[in-house]
Each structure stands twice: as C-alpha cells, then as structure tokens.
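Number of protein chains: 4
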Amino acid sequence: MTEATRGAGRPRSERARLAVLRAVDDMLVEEGYASMTMKGIAERANVGRQTVYRWWSSKAEILLEASAADAARELEVPAHRDPVAEVTAFLTALTAFLTTSDAGLAYRALLGEAQHDPAVAELLQSADVLGTAARGIVARTTVDVSGAESAARTAELVGPLLYAILVEGRTLTPSDLRGMAERFVR
Amino acid sequence: MTEATRGAGRPRSERARLAVLRAVDDMLVEEGYASMTMKGIAERANVGRQTVYRWWSSKAEILLEASAADAARELEVPAHRDPVAEVTAFLTALTAFLTTSDAGLAYRALLGEAQHDPAVAELLQSADVLGTAARGIVARTTVDVSGAESAARTAELVGPLLYAILVEGRTLTPSDLRGMAERFVR
Amino acid sequence: MTEATRGAGRPRSERARLAVLRAVDDMLVEEGYASMTMKGIAERANVGRQTVYRWWSSKAEILLEASAADAARELEVPAHRDPVAEVTAFLTALTAFLTTSDAGLAYRALLGEAQHDPAVAELLQSADVLGTAARGIVARTTVDVSGAESAARTAELVGPLLYAILVEGRTLTPSDLRGMAERFVR
Amino acid sequence: MTEATRGAGRPRSERARLAVLRAVDDMLVEEGYASMTMKGIAERANVGRQTVYRWWSSKAEILLEASAADAARELEVPAHRDPVAEVTAFLTALTAFLTTSDAGLAYRALLGEAQHDPAVAELLQSADVLGTAARGIVARTTVDVSGAESAARTAELVGPLLYAILVEGRTLTPSDLRGMAERFVR
DNA sequence: GATTAATCGAGACGGTACGTCGCGTCTTAGT
DNA sequence: ACTAAGACGCGACGTACCGTCTCGATTAATC
C-alpha cells in the first residue's frame, strides 16, 4: 500500500477537497488573507465546517496547498546562455510573482503569518518555494558553488529584491532588475 | 500649540499610556503577537478598554510606539575606520535584533502583519526603522553614492540577511556575517 | 443595598431582558420547546448571544422567568361558598392551563425537562406553581388540615387531573371535572 | 406473513439488536437521558450508525423497547384478599419503579420527552405501561366499575402518587402509601 | 457452487447549535 | 474631559451530533 492504507469507511471526497482549495484561492484575491475565515471558506466551498477541519488545521495550511504548485511554476525560468539575462529573467519573474500573481499574494500572506506563528514558519520552510527556484538559478549561473557558498549566493540573489518589495514597498523598473542581475553575476 | 491644544477637562493620563506600552512589551514576549488582544492588553495594563481605543487604533500601532525607539537604538553602530568591520558590526547588530531582541520580535510581528494589512504596511514604512539605520552605514562605507544607487545598496546590505533569517530561518555564524560584509564592500 | 450593589460599569439593559422573555414566549408557541435554541432566541430578540448566556444558563431558566407570573395568575380562583363549585372552578382553570394556555405549555415543557435534568427539577420545585395554587384551595375547602395531611390532599386534588392530561392525553369534559371535584370534597 | 416476509439477503443481526438495547440501558443509568446520543449509542454498542437508524428512529423508541417489558414486570402485583393491602402493594411497587428502578428511570425520561414531542407522547400512550398495570388493580379492588368510571378510578389511583414524586419530588414513607391506599379504597 | 441482495462496521459528507472569546461601541459612576 | 468598569450587538472559533451517503466485507436464500 503506497498511499494511506485505504481502510474502511467512505473515502475522502475529491470534490470537497478541490472546492475548498478553489474557494481559498478566490477569497484571497477577493477579500484578502486577514478577513478570510475557516467558516467563510467552508460556506464558500459548500462544504461542512468539520470537513475543512478534518483535513487542514489552519487557513495557512489550505493556502499553501492551494498555491505551492502555482508558485513553483511561476518561478521557473528557461535556461539561457547569458547568465545576466537568465538572472534578470528570474528577478523579473520573482517581481511579478510577489506583486501581481495570486500565488505570490498567497506567499506573502503566508510569509507574514510565519513571522508570528512558528507552525506556519515551519510549514513554509518545508515547502521552500523561493529557495528551490533560486538554487536552480544559482547552480546554473555560478561556477564552483562550494556547498556552503550556495546558501549565501541564494540569499544574495533573492534577498535584495525581497527587501525592496516586502519591506520598502518599492516598485522596481526593468533597469533596476537588470542592475541587480549584473551586480549579482559580477 | 506646542503640545496638543491642551483644552479643558482631565488631561491624558501618562500613567495609563505607560502601562499600556509596558503591557504590550511584556505580552509580546510572554505569549506572542498573534494571541495578544486589545482586550487582553487593557486588562493587563489595568486600564479601561476605551482608553486603549482612544489613543491607538490597533495593536500594531501600540507595538510600534512601544518598540520603535528601542529598535533604532539597537541598530546604531559606532563609526569605524575599516568599512568591513563597520558593516560586520551592523550585520551582527541586525542579526541580534532580528533573532534575540524584544524590539526585533516586535518588528518581525509588524512586518508580518504588514503583508496582509496595508494600514500596517504604511505605518511601518513611515517609521522605516531598518532603512534609516542601513542608509547611515551605506553612506559611510560607500564612495559616490549617486542617490538612486543608494537604495539599491541598502537593499544589498540588508536583503540577504533578512532573507536568511526571516525566510529560511537560518542561524548565521560570525564568519557568515563577515563573509557577507566583505562581499558587500567588495 | 437591597438590589445587587449597583456597581460600576454599564447597567443591565432592561430592553434586552424584555426582548428575550418576549422572544421565548413567542417561540414556544410558534415552534415548540424542543426546537427552540439559545441561538434562535438571541436572534429573535435582536440580542447578542453572550447577553443571553450572561443572565440565564439555559432555555428552561428563561422560560420559567417568562411564564411563572402568568401561570400563577391563571390558576387563581375566586373564593366560593360552595366547596364543590370552588374545586370544580379550580380544576377547570387547571385544565385550561395545561391544555390551552401558553404559560401552561411552558409549564409542561419545563416539567418534561425536569424529568431528565435535575437542575430544571430543582428550579421548578422552587417555583412550585401548581402546589401554591392547590394548597390555597385545599386550605379553604377542607376542615382541620393537620399539616402533614395537607400535602396528601394537595396530591389528591391535582394528581388525578395531571395524570389524565399529561400521561393519558385524555380530554376531560365539564362533567368529568365536576365528578372529580365531588369525589375530592366527598 | 407471520414475521416480516423474510426475503432474500442477509437477515437482521440479533447480536446488533441486543447490543444496542443493552447499550441504551447502561448509558441511561451512567450518563442520563439528555446526554445520550444516537452516535454515542452506536459507538457504545460497537454497531454502525446506520444500523441504529435502520431499526429505530429515535432514542426514545430504543429506550421504550429496552424497558417496556421490564416496566410491566416490575408493576405486577399478586392478587390479595384484602383490597387495601393489594393497593398498598401496588403503590409501593410503583414508588420503587419511579424512584429506584432503571426501567422507571427510562419511563420518566420518556414521559418527560413526551411533554414536548408529540411523537414520543403517542408512542408512550400506545404502550400505556402505567395504565395497564393500574387498570388491573382497579378492576380487582372496586365493585361495579361502569366503564367510564374505570378511567376516573385509575387516575385517582395513580395520579396522587405521580404528582408527589414527579412534580413535588417528595419521598414517600410506607405509611404515606398505606394512607393513600386506604383513602383510595374508602 | 455461483449469484444475488440485504445486512454489517466504518467513517466522511453537508448541516447546525453549542458555549466561549474578542471585536469596537455604549453607558454608567467616579476623578 | 478623561478614567475604570462592564454590558451591549456581532460574529468567528473549534467541537459535537445530526441524519445521510458511500465504501468493502459478510451472510443467508435463490438459482
């Protein structure tokens, strides 16, 4: 048995699972993370309240399941011969993700929640959406990444952009991003 | 009017104000931001609920008032002849601030809240605790900072560390910080 | 202090109190005791749920407060020279109370609840609606009631009618009641 | 068809039926009628929830089936030459039934439920546990019971005791019962 | 002996009431 | 005018039980 023993009793409803994920996705955009409630999610999904609690323990958990796949896809960047071009493309994708995309909106909400809820913090780190995407770029654009250095390079790639957007709330122009990419590559 | 018109009637109670700020400080450490409530703050401070609402409109606002001064002080770093040493000192202070300090705990909570509450975001940007401290370091350690470049340099100084701590939850060694500082200065 | 110390804070709202009692009265008639809920009462009375719980601990308690006064009034019977006539009048009033009156409907519901909830049983016995009314009749229509005998006579007056209505669900004619009264007086 | 057409398919499980009746009996004593639930009964009996609903439509119905036979047996009183002695014996049995016996506990619970649930009321009247037992006594101890009078006599026999116990919650001594019996017989 | 059909246990489903908690407002008396 | 106290209407919390609905597994009677 590869998959959760398949025991007795009525099996989990895929219909309900998808309805909840869909509801969370929609509600995040329509009304924002803060005013989203477990009760509201259940009602929006036409699902019993208990059903939500049975499979997820918080709205953060639902949101992560609802957006992780989208996030990973949106941060994918095709390989490119020119390192600067590739890094620029990644930073552009990351900017779009953080400022425009629905999945990015979810990511910001989760990252925010993680600052005052250790459970969410762990959840988010185990998914490691940004890290995974960034490490790919680092590996392809940097020569001899000596393990320990990889982490530092990742932070240098993602950190400045994250700071500019999440902390300063700044809007970055394409040339800002190009500059960042050049400095990153040296 | 130097102070706030000073009309008739009983003046604002300094005792109540300090009790509230003190309560918020303590409660943040004891039980965390998320489970802190306006009701709880008032009771802890032995203050009427209305009194809290009269002077602050959210727990974020109280928390900012309670911790902004401490934050600024903790991020001050003495000038140093060697740029690398100064930057390392700043990064060390920032690390301590974000991982150990009470004021830093408050800052993280506020930064988190800001991700899903625009009002808090604005509040936090207007205080700009990190930016102010970082810009001082940038100005002293970099030659010819051409206005626009200053912002980019600030992001490069603070961003990587912020990412490592807030997003990755990583623990940084002194040599990690030294390395970061060297790369920052070139 | 005769009344409950009259301390600090906003005083209890008489408006809310009456709205709840009124709502319970109406709902009992409209939908019955069983399907009445604390939530429903609060909503019907346009009152917060907490407000209901603050002053009453169960729907039985509210119902008793709402109907005790009415019940006592409905069971009052004017003194009469002829004992048989007076007892007949009382039994007629009691029949009407138990089968027709709103207050009687409440009483039956409470008496029912009392059978499986000791708290309600005690509540109901302390009010002692039926006993009070019946003892008056017994005292006026029986000579030399030697204390201990009074209780037995009360049971003989009220018991048979109660059994016929509550247990058998029988409908009693005026001549049934007259017969009961005659046998009671001898 | 003597039994229930006996079609194809798996026959009803006697094991399950008895387990449910047993569970209800036990739970009534252990936790009381009010806090007994269909879910709890099923779990206690190690029986599927659907199985309970398939054969009974409410806990009242189960309880009646579980206790009716016991009740009838407990209220049986041997014939006696002396009418007063026989009536006293019956009242004593009835008192024990209502205050001590498990079946009596069930009866009180059902009688209570009947006050606010017409379905239970009908169910209980169709079983008529008390009436059947009482009518036997009335027939044996009274001469010329003219049909219509029988009902009145039954009410006079059972009513006062029922009132004393169920409404007043009084504890009756043997001499109280003897007195009642004497007055009943004249 | 295989098929058929109703049962069994388990347990998820959409609902809804529970009693509690915090919200932000209000109404007191007291300073 | 401001204070502490505390009730107000509101609505989300997480839990429990409702009665229904699948599931796979039994268990006879019928073919």
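Chains as they are written, first to last, in the numbering used here: chain G, 797 to 982; chain V, 797 to 982; chain U, 797 to 982; chain F, 797 to 982. The C-beta atom is built at its ideal place from N, Cα and C for all residues, glycine as well.
Discussion item. Once the 5 residues before and after Arg931 of chain F are set aside, which same chain residues still bring their CB inside 8 Å of it?
Written reply: So the list reads Ser946, Thr950, once near-sequence residues are dropped.
Practice prompt. Give, in chain order, every residue of the region 961-977 of chain V whose Cβ lies closer than 9 Å to some Cβ of chain G.
Written response: Only Leu962, Val963, Glu964, Gly965, Arg966, Asp972, Gly975, Met976 from the region 961-977 of chain V bring a Cβ to less than 9 Å from some Cβ of chain G.
Worksheet item: Thinking C-beta only, is Ala856 of chain V closer than 9 Å to Asp913 of chain V?
Response: For the pair Asp913 of chain V and Ala856 of chain V, the CB atoms are nearer than the 9 Å cut-off.
Fill in: Sub-9 Å separation of Leu860 of chain V and Leu814 of chain V beta-carbons
Against a cut-off of 9 Å, the Cβ pair of Leu814 of chain V and Leu860 of chain V comes out as no contact.
Item to complete: Please state if the CB of Tyr849 of chain F and the CB of Glu909 of chain F are separated by a distance shorter than 9 Å.
Response: Taking 9 Å as the Cβ cut-off, Glu909 of chain F and Tyr849 of chain F do not qualify as a contacting pair.
Worksheet item: Going by the CB atoms, is the gap between Leu894 of chain V and Tyr959 of chain G shorter than 9 Å?
Response: Their beta carbons are not under 9 Å apart, which means Tyr959 of chain G does not touch Leu894 of chain V by this criterion.
Discussion item. Can you look up Asp924 of chain U in the DSSP assignment and give me helix, strand or coil?
Written reply: Three-state DSSP puts Asp924 of chain U in coil, outside helix and strand.
Worksheet item: Could you check where the alpha helix (DSSP H) with Met976 of chain G kicks off and where it finishes?
Response: Element bounds for Met976 of chain G: 970-981.
Discussion item. Closer than 8 Å is the cut-off here; do at least three beta carbon pairs connect the region 882-898 of chain F with the region 959-974 of chain F?
Written reply: Yes, since at least three Cβ pairs between the region 882-898 of chain F and the region 959-974 of chain F fall closer than 8 Å, the two stretches touch.
Worksheet item: CB-CB under 7 Å to Asp972 of chain F, same chain, minus the five flanking residues each way: which ones, in chain order?
Response: Non-local beta-carbon contacts of Asp972 of chain F in its own chain, meaning distances under 7 Å to residues more than five positions away in sequence, are absent.
Worksheet item: Helix, strand or coil: which one does DSSP assign to Ala985 of chain V?
Response: With chain V represented from 797 up to 982, any question about residue 985 of chain V goes unanswered, as that position is not in the structure.
Item to complete: Output the residue ranges of the alpha helix (DSSP H) runs that lie fully inside the region 817-843 of chain G and measure 4 residues or longer, sorted by chain position.
Response: If one requires a minimum length of 4 residues, the alpha helix (DSSP H) runs lying completely within the region 817-843 of chain G are 834-840, in chain order.
Item to complete: Measure from the C-beta of Val954 of chain V to each C-beta in chain G and report whether the shortest distance is under 9 Å.
Response: Judged by the 9 Å Cβ criterion, Val954 of chain V is in contact with chain G.
Worksheet entry | Extent of the continuous alpha helix (DSSP H) to which Leu958 of chain U belongs | Start and end: 944-958.
Practice prompt. Below 7 Å CB to CB, which residues in the same chain sit around Thr937 of chain G once its five sequence neighbours on both sides are set aside?
Written response: Taken in chain order, the residues that qualify are Pro879, Glu882, Val883, Val981.
Fill in: chain U contact residues for Glu909 of chain F, given Cβ-Cβ distances below 7 Å
Within chain U, the residues near Glu909 of chain F are Gly908.
Item to complete: Go through the region 834-910 of chain V residue by residue and report every complete run of the beta strand (DSSP E) that reaches 3 residues or more, in order.
Response: Given a length threshold of 3 residues, the region 834-910 of chain V has no whole run of the beta strand (DSSP E) inside it.
Item to complete: Determine the chain F residues that contact His912 of chain U at a beta-carbon separation under 8 Å, and present them in chain order.
Response: In chain order: Gly828, Tyr829, Ala830, Arg904, Ala905, Gly908, Glu909.
Item to complete: Enumerate in chain order the residues of its own chain whose CB-to-CB distance from Gly900 of chain V is below 6 Å, with the five nearest sequence positions on each side excluded.
Response: In chain order, Phe893, Leu894 place their CB closer than 6 Å to the CB of Gly900 of chain V, counting only its own chain and leaving out the 5 sequence neighbours on each side.
Discussion item. Looking at chain U, is there any beta carbon in it that lies within less than 9 Å of the beta carbon of Gly927 of chain F?
Written reply: Interface annotation, Gly927 of chain F: in contact with chain U, CB-CB separation under 9 Å.
Item to complete: Verify whether the separation of the beta carbon atoms of Val816 of chain G and Asp898 of chain G is less than 9 Å.
Response: No, the pair does not count as a contact, with Cβ atoms beyond the cut-off.
Worksheet item: Going along chain G in order, which residues have a C-beta closer than 7 Å to the C-beta of Ala862 of chain V?
Response: Under the 7 Å cutoff, chain G gives no residues; its nearest Cβ is about 16 Å from Ala862 of chain V.
Worksheet item: Counting contacts by CB-CB distance shorter than 9 Å, is Leu958 of chain V in contact with chain G?
Response: Yes, Leu958 of chain V lies at the interface with chain G (some Cβ there is under 9 Å from its Cβ).
Worksheet item: Of the choices F:Leu962, F:Leu953, F:Ile961, whose alpha-carbon is the least far from that of Ala977 of chain F?
Response: Here the closest residue by C-alpha is F:Leu953.
Discussion item. I'd like the list of long-range same chain contacts for Asp822 of chain G, defined as Cβ closer than 6 Å, with 5 residues on each side in sequence excluded.
Written reply: Around Asp822 of chain G: no qualifying Cβ.
Worksheet item: Once you ignore the five residues that flank Leu926 of chain G on each side, which residues in its own chain have a CB closer than 7 Å to its CB?
Response: The beta carbon of Leu926 of chain G is closer than 7 Å to those of Val954 in its chain, skipping five residues each way along the sequence.
Worksheet entry | For Val873 of chain U and Ala885 of chain U, believed in contact at Cβ under 8 Å, the rounded distance | About 5 Å separates the Cβ atoms of Ala885 of chain U and Val873 of chain U, confirming a contact at the 8 Å cut-off.
Discussion item. In whole angstroms, give me the CA-to-CA distance for Val963 of chain U and Arg845 of chain V.
Written reply: Their Cα atoms are separated by approximately 55 Å.
Item to complete: Quick one: list the residues of chain G neighbouring Gln921 of chain V, beta-carbon separation under 9 Å, in chain order.
Response: By Cβ distance, chain G contributes Val963, Glu964, Gly965.
Item to complete: Kindly list the residues whose CB is nearer than 8 Å to the CB of Arg904 of chain V, restricted to its own chain and excluding five residues on each side of it in sequence; keep chain order.
Response: Contacts found: Leu894, Leu962.
Practice prompt. Can you give me the Cβ contacts of Arg840 of chain G inside the same chain, cut-off strictly under 8 Å, excluding the 5 residues immediately before and after it?
Written response: Within the same chain, and ignoring the five residues on either side of Arg840 of chain G in sequence, the residues whose Cβ sits closer than 8 Å to its Cβ are Ala819, Asp822, Met823.
Worksheet item: Are Thr847 of chain F and Ala812 of chain F touching if we call contact CB-CB under 9 Å?
Response: In this structure, Thr847 of chain F places its C-beta atom within 9 Å of the C-beta atom of Ala812 of chain F.
Item to complete: Go ahead and pull the three-state DSSP assignment for Thr967 of chain U.
Response: In this structure, Thr967 of chain U counts as coil in the three-state DSSP scheme.
Worksheet item: Does Arg931 of chain F get closer than 9 Å to chain U when you measure Cβ to Cβ?
Response: For Arg931 of chain F, the answer is no, since every Cβ of chain U falls outside 9 Å of its Cβ.
Item to complete: Check whether the Cβ of Thr896 of chain G lies closer than 9 Å to any Cβ atom in chain V.
Response: By this cut-off, Thr896 of chain G is not an interface position.
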